[in-house]
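Asker:
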Amino acid sequence: MLHGFVIDTIWLSGHCTAIGKFLFEFMSENPVHHQVCCYFCDDTSNFTGEKTAGPNANSLRGFDVVDTIKSNLESICPGVVSCADILAVAARDSVVQLGGKTWTVPLGRRDSTSASLSAANSNIPSPLLNLTGLISAFSNKGFTTKEMVVLSGSHTIGMAKCSIFRSRIYNETNINAAYATSSKNNCPSASGDNNLSPLDTTSSTVFDSAYYTNLINSKGLLHSDQQLFSGGSTDSQVKAYSANSATFFTDFRKAMVKMGNLSPLTGTSGQIRTNCRSVNSG
1 MLHGFVIDTI WLSGHCTAIG KFLFEFMSEN PVHHQVCCYF CDDTSNFTGE
51 KTAGPNANSL RGFDVVDTIK SNLESICPGV VSCADILAVA ARDSVVQLGG
101 KTWTVPLGRR DSTSASLSAA NSNIPSPLLN LTGLISAFSN KGFTTKEMVV
151 LSGSHTIGMA KCSIFRSRIY NETNINAAYA TSSKNNCPSA SGDNNLSPLD
201 TTSSTVFDSA YYTNLINSKG LLHSDQQLFS GGSTDSQVKA YSANSATFFT
251 DFRKAMVKMG NLSPLTGTSG QIRTNCRSVN SG
């Protein structure tokens, strides 16, 4: 039932960015809170959520789609399906709908009753990190360098704001000149901070391994993306995924299962939110 609600609602939203964002949101949430869905909450006079954290403010969208899924579920089976489970299934189904392979998503997660703006700011890897920083950030959450590279492949879908990649396209030298020029058309040097560009310039609405081919061709949109292919230890893995999408799909599924099992709240911990935008009262 959850799978059906998620698929129907995502597609009725009418555009591919409403699909790709769920994967980013799932991956952003898990390294910080182990699937407790703190960032769904709106700020109030006595509760500070995580939507305004730097990485989230620049990337998270589509909360209305989650609202619709949750509302439909609550009308049929109130207090049963958590926002955390909705997000986990939406991430998986988004990948499948865009051409990727499926994986098993265990259910039974619960939602948190707290949030941490500082944790969201410090624990989500910055798009400005170099390779050493990326390896360290993922290692601190229990992921190997190989898993870091394969999870970065989620950037085969999704968009980034101009303010995040402006420095790369104007100041860095390890970027394809024609790609930099075309990117500047949508990201002027002194305006257009919120303009969106695809993370994968080749096939932004398909979940494939083109992201890695782009890196080999110096067409990584983010500084942190291009760091994966910059003469360092991860170059060989980037080449392997570029050449063999089946290997990428297999490794990506394994890494997502691992991420989904990062100590989720279960049992009597947390709560099942009635509204994903706020903790339950009382």
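Quick note on numbering: UniProt numbering labels position 206 of the sequence shown as 206, and the sequence is numbered without any gaps. Ideal Cβ positions, reconstructed from N, Cα and C, are used throughout, including at glycine. On a predicted model such as this, the values are computed, not experimentally measured, just so you know.
Run through the region 118–179 for me and flag every whole alpha helix (DSSP H) of 4 or more residues, listed as ranges in chain order.
Answerer: Listed in chain order, the complete alpha helix (DSSP H) runs (minimum 4 residues) inside the region 118–179 are 131–139, 145–152 and 162–171.
Asker: Taking residue 247 as the reference, which of 150, 69, 75 and 105 has the closest Cα?
Answerer: When each option's Cα is compared against that of residue 247, the closest is 150.
Asker: Count the other C-beta atoms from every protein chain shown that fall within 10 angstroms of the C-beta of residue 102, then say buried if there are 16 or more, exposed otherwise.
Answerer: Exposed.
Asker: For residue 108, does the count of other Cβ atoms within 10 angstroms reach 16, so buried, or fall short, so exposed?
Answerer: Residue 108 is exposed by the Cβ-count criterion.
Asker: Do the region 187–198 and the region 72–90 touch if we need at least three Cβ pairs shorter than 8 Å?
Answerer: Taking 8 Å as the limit for Cβ pairs, the verdict is that the region 72–90 does not touch the region 187–198.
Asker: Below 6 Å CB to CB, which residues in the same chain sit around residue 227 once its five sequence neighbours on both sides are set aside?
Answerer: Here the set comprises 130 and 131.
Asker: With residue 219 and residue 179 assumed to form a contact (beta carbons below 8 Å), what rounded beta-carbon distance in angstroms separates them?
Answerer: With 8 Å as the limit, residue 219 and residue 179 qualify as a contact, their Cβ atoms being about 5 Å apart.
Asker: Thinking just about the alpha-carbon of each residue, which of 74, 106, 110 and 73 is nearest to the one in residue 268?
Answerer: Looking at the Cα atoms, 110 is the closest of the given residues.
Asker: Where does residue 111 sit, in a helix, a strand or coil, going by DSSP?
Answerer: Three-state result, residue 111: strand.
Asker: Does the beta-carbon of residue 106 have 16 or more other beta-carbons within 10 angstroms, so that it is buried, or is it exposed?
Answerer: Per the 10 Å Cβ criterion, exposed.
Asker: Spell out a yes or no on whether the region 230–238 and the region 256–276 are touching, meaning 3 or more CB-CB pairs, one atom from each, closer than 8 Å.
Answerer: No: fewer than three Cβ pairs fall under 8 Å.
Asker: On the DSSP letters alone, give me the boundaries of the beta strand (DSSP E) that residue 242 sits inside.
Answerer: Here residue 242 belongs to no beta strand (DSSP E); instead the alpha helix (DSSP H) covers 235–243.
Asker: Closer than 8 Å is the cut-off here; do at least three beta carbon pairs connect the region 180–187 with the region 151–165?
Answerer: Counting Cβ pairs under 8 Å, three or more are found: they touch.
Asker: Between which two residues does the beta strand (DSSP E) containing residue 197 stretch?
Answerer: Segment 196–198, the beta strand (DSSP E) holding residue 197.
Asker: Name the one or two DSSP bridge partners that residue 278 has.
Answerer: Partner(s): 275.
Asker: Go ahead and label residue 264 buried or exposed: buried means 16 or more other beta carbons lie within 10 angstroms of its beta carbon, across all protein chains shown.
Answerer: The residue in question, residue 264, is buried, as its Cβ has 16 or more Cβ neighbours within 10 Å.
Asker: Please list, in chain order, all residues of the same chain as residue 80 whose beta carbon is under 8 Å from its beta carbon, the five residues on each side excluded.
Answerer: Excluding positions up to five away in sequence, the list reads 73 and 272.
Asker: Answer with buried or exposed for residue 142, where buried requires no fewer than 16 other C-beta atoms within 10 angstroms of its C-beta.
Answerer: The residue is exposed, with fewer than 16 neighbouring Cβ atoms inside 10 Å.
Asker: Taking buried to mean at least 16 other C-beta atoms within 10 Å of its own C-beta, is residue 93 buried or exposed?
Answerer: With 16 or more other Cβ atoms within 10 Å, it is buried.
Asker: Grab me the residues of residue 270's own chain with a C-beta within less than 7 Å of its C-beta, minus the 5 sequence neighbours each way, in chain order.
Answerer: Closer than 7 Å at the Cβ level, and outside the excluded window around residue 270, lie 36, 110, 111, 112 and 113.
Asker: Grouping DSSP H, G and I as helix and E and B as strand, with all else coil, what is residue 184?
Answerer: Of the three classes helix, strand and coil, the one that applies to residue 184 here is helix, per DSSP.
Asker: Looking at the secondary structure, which residues open and close the alpha helix (DSSP H) in which residue 83 lies?
Answerer: Run containing residue 83: 83–97, per the alpha helix (DSSP H) assignment.
Asker: Quick one: measure Cβ to Cβ for residue 169 and residue 191, integer angstroms, because I've assumed they're closer than 8 Å.
Answerer: Not really, about 14 Å apart at Cβ, beyond 8 Å.
Asker: Under 6 Å Cβ to Cβ from residue 203, same chain only, skipping five residues before and after it: list those, please.
Answerer: Excluding residues within five positions, the ones whose Cβ falls inside 6 Å are 210.
Asker: Contact check, residue 205 vs residue 98 under 8 Å by CB: the rounded distance?
Answerer: Sure, about 7 Å apart at Cβ, within 8 Å.
Asker: Report the option in 133, 153 and 128 whose CA atom is closest to the CA atom of residue 171.
Answerer: Ranking 133, 153 and 128 by Cα distance to residue 171 puts 128 first.
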